[in-house]
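Structure first, commentary second.
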Amino acid sequence: MNVLDKKCWICGREEYIPFKCRFCGKVFCSIHRLPEQHACAGLEYAREHGSGSRNAGNTVPEADDILKGMLKNTAKYAAKSAVNGFGSNIKYSMKSSPSMAIIYLCVFSFILQLVPGYFEALMLVPGLLFERPWTLITHMFLHVGFFHLFFNMLVLFFFGPELERRAGKSGFMRVFFIAGIVAALGYSLTSNAPVVGASGAILGVFAALAVIAPEMRVYVYFIPMKIWHALVLFALIDFLYIGSNDMVAHTAHLSGILVGLLMGFAIRKDNKKDAQNNPYYYYRR
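Counting from 1, position 29 in the sequence shown corresponds to residue 93 in the numbering used here; the numbering is continuous, with no gaps.
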């Protein structure tokens, strides 16, 4: 797929699955996808000629029409990506989104765990930390079992790109890796058992997003709540289960959350400063 096909006509931002306006036919990002948000000439034409709506007395597209258009565009780009090749699609998504790059690397690493000695060489062992410092990072790309990998990557898939939009790609990378490293160090101070997994880093991402966008709605066990409330719930559960011997690194989770909170406040402060200097700052993210 041509990269230009994924750039928004308004702000130039690239998205993995952009939106194509059904009135003017141009491609837009999630912020400018609605016709009213990009001063759509096609919409004005539809209004003048009485088309673009089911009801002749209502020329503004209805919500279900917009949803159908979004689904249609998603299916179109998914099919086009499949035609162009699965490999090129992965390459593009890894280049355009650090979250997707990490997800693919974790999946690839999970496959490599079938190689004898691979898992043992990259897992974090607190007692051997000074001898194997690389494991502060490599342990994040290892997972014990399919469901451990699946749920970690599922959370990263939904919330990683959201932090990218609000903090930028470099901001997301800083939060993820600093939270992951500090989570490993925090765990090493309280346990000598080997540890693997990206949950400390992912909870850091989740915590930073909760600070930057506290009103965001999430679902926890199918129960809707604000992301800030969900973070408090997760932190409380980890705190109560410290020392429970349930094979979960609760101190790593709490350490990652703490780093995410601190970095989230710093990012929010920078965003406010940039927004004061440029009112279109958020649209250029």
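Beta carbons are placed, not taken as given, at the ideal position from N, Cα and C, and that holds for glycine.
- Its Cα nearest to that of E78, the residue K233 stands out among K233, R332, L297, M187.
- Secondary structure note for R238: its alpha helix (DSSP H) is the uninterrupted segment 210-252.
- If you keep only unbroken beta strand (DSSP E) runs of at least 3 residues inside the stretch 284-334, you get 287-290.
- Residues of the same chain with a CB within less than 6 angstroms of the CB of A274, apart from the 5 flanking positions on each side, are I291, W292, L295 in chain order.
- Taking the CA atoms as reference points, Y168 sits about 30 angstroms from C85.
- When beta bridges are read from the DSSP output, F92 appears opposite F83.
- Here V260 carries a coil assignment [DSSP, helix/strand/coil].
- Cβ neighbours of M204 within its own chain (closer than 6 angstroms, five residues either side excluded): G244, A262, A265.
- Beta-bridge pairing by DSSP links V282 to M289.
- In the DSSP annotation of this structure, the continuous segment of the alpha helix (DSSP H) that includes E184 starts and ends at 182-186.
- Among the bridge pairs identified by DSSP, E78 is matched with K71.
- Rounded to whole angstroms, the gap between the alpha carbons of V208 and V260 is 7 angstroms.
- In the pairwise beta carbon analysis, the stretch 217-231 is classified as touching the stretch 268-285: at least three pairs are separated by under 8 angstroms.
- Around M158, the same chain offers M164, A165, Y168 as residues with beta carbons nearer than 7 angstroms, after the five sequence neighbours per side are excluded.
- Under the three-state reduction of DSSP output, V189 falls in the coil class, being neither helix nor strand.
- With a 10 Å radius around the Cβ and a threshold of 16 neighbouring Cβ atoms, D302 comes out buried.
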